[in-house]
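Student: This structure is in structure tokens; I'll ask about it shortly.
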Amino acid sequence: MVNIAYAGPEEREEIAQFMNVVFHKAKWDIDGWRRLLAGRWCGPDGRYAISVRDDGKLVGVLGLVYADRMTSGGLRTTADMTSWYILKEYRGQGIGQKMLALATSDPTVTVTNFSSAKAAVSVLVSAGLTVLDKERLVWHPRVTPSGLIVHDDPLSLGDRLPAKDRKIIGDHQGLKLRHLAVETPDGPVAMVLYPQNKHGDWVTHEIMYLGNQPLFAQYAPQIAAAVLPERDAILSLDRRFAAEGIIPDEVRPFATPRYCQPGLLHPSEIDMLYSECVLLNIKIH
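Rendered as structure tokens:
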């Protein structure tokens, strides 16, 4: 008999080993899977996956990176979908739809998907997820220095940053991210950047989190000049974080849109931290 349920803490290692076998083309080892499933932002007893078992045998999994995260309205829970797999002999029986139905069944949780393959889009839509964003704004390096000061340790600014900024930056220490605060004439802008070599010779500095969005919009070119190297780099911001009046150097569409479960959080609150992307160093397209 096939049983679909949230995985318990005692299943964590078995699921990590299962993922390590079935996702044989992954660019990380078993330690990466353990890191993905560890519950970094929800605790070791929190939800982290949905498992499918046939008479006790593990035949399918759907990873879910749960996080209790700070928003403008207080703590809210999100769950980023990751690493979905069902053994071939169990496909075509509606199991996948039931897994997604369970994953999206909690009305207090916003489910997200930032790195879906194009082939999976129709499945996400059928599960109730909608397009969160479909394009990014881009800035190029400037020849003229901005004159703005960049703090590489934004937590050192203490109460000069809002509690939300400090909480989010603190939650992501030790990962391959750039934590910054840029001083503008009107105050600091906290940012978390994810440098990635996506295409050719230049590096994309993806803004994974942006604190004061209106202030960034006001000083975007100067901030880009301050945080980017002099060449071979771009600064990228998803459209939903762009406050009124922002002027990018160019706009680029995503290869595949970002998706989320609508209703609980404003799109500008749904950043790409607390996700598989930063835990596994996945390139964001």
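Quick note: the sequence shown uses numbering that gives the first Met the number 0, first residue 0, plus one each step.
Note that beta-carbon positions come from the ideal geometry of N, C-alpha and C, so glycine has one too.
Is the beta carbon of Pro256 within less than 8 Å of some heavy atom of the ligand NAP?
Tutor: You won't find the ligand NAP in this model; it holds no ligand whatsoever.
Student: Buried or exposed: which applies to Arg135, given that a residue is buried once 16 or more other Cβ atoms fall within 10 Å of its Cβ?
Tutor: Flag for Arg135 reads buried.
Student: If we ignore side chains and look at the alpha-carbon of each, how far apart do Gln195 and His204 end up?
Tutor: Approximately 6 Å, taken between the alpha carbons.
Student: What's the gap between the Cα of Ser50 and the Cα of Leu61?
Tutor: Between Ser50 and Leu61, the C-alpha separation is close to 7 Å.
Student: Confirm, please, whether the CB-CB distance from Asp132 to Pro266 is below 9 Å.
Tutor: Cβ distance < 9 Å, so Pro266 and Asp132 count as in contact.
Student: Can you find the residues in the same chain that come closer than 7 Å, C-beta to C-beta, to Arg159, ignoring five residues on each side of it along the sequence?
Tutor: Answer for Arg159: Pro187, listed in chain order.
Student: Quick check: the Cα distance between Val202 and Ala241, rounded to an integer number of angstroms?
Tutor: Their Cα atoms are separated by approximately 21 Å.
Student: Considering just the uninterrupted stretch of the beta strand (DSSP E) at Ser235, what are its terminal residues?
Tutor: Here the beta strand (DSSP E) through Ser235 covers Ala232 to Asp237.
Student: Mark Ser125 as exposed unless 16 or more other C-beta atoms lie within 10 angstroms of its C-beta, in which case mark it buried.
Tutor: Per the 10 Å Cβ criterion, exposed.
Student: Note down the Cα distance separating Lys287 from Met0, rounded to an integer number of angstroms.
Tutor: Beyond the ends of the chain as shown, which are 0 and 284, falls residue 287; an answer cannot be given.
Student: Going by DSSP in three states, Arg257 sits in which element: helix, strand or coil?
Tutor: Correct three-state label for Arg257: strand.
Student: Going by the beta-carbon positions, is the gap between Val120 and Tyr218 smaller than 9 Å?
Tutor: Going by C-beta atoms, Val120 is not nearer than 9 Å to Tyr218.
Student: Can you pull the DSSP bridge partners for Glu205?
Tutor: Tyr193 and Ser235.
Student: Nearest CA to the CA of Leu279: which residue from Pro184, Lys87 and Val64?
Tutor: Answer by Cα proximity: Val64.
Student: Suppose the cutoff is 6 Å on Cβ atoms and the five residues either side in sequence are ignored; what does the same chain contact list for Ala224 look like?
Tutor: Answer for Ala224: Arg141 and Ser145, listed in chain order.
Student: Spatial neighbours of Glu249 within its chain, please: C-beta separation below 7 Å, excluding the five flanking residues on both sides.
Tutor: Correct list, in chain order: Val137.
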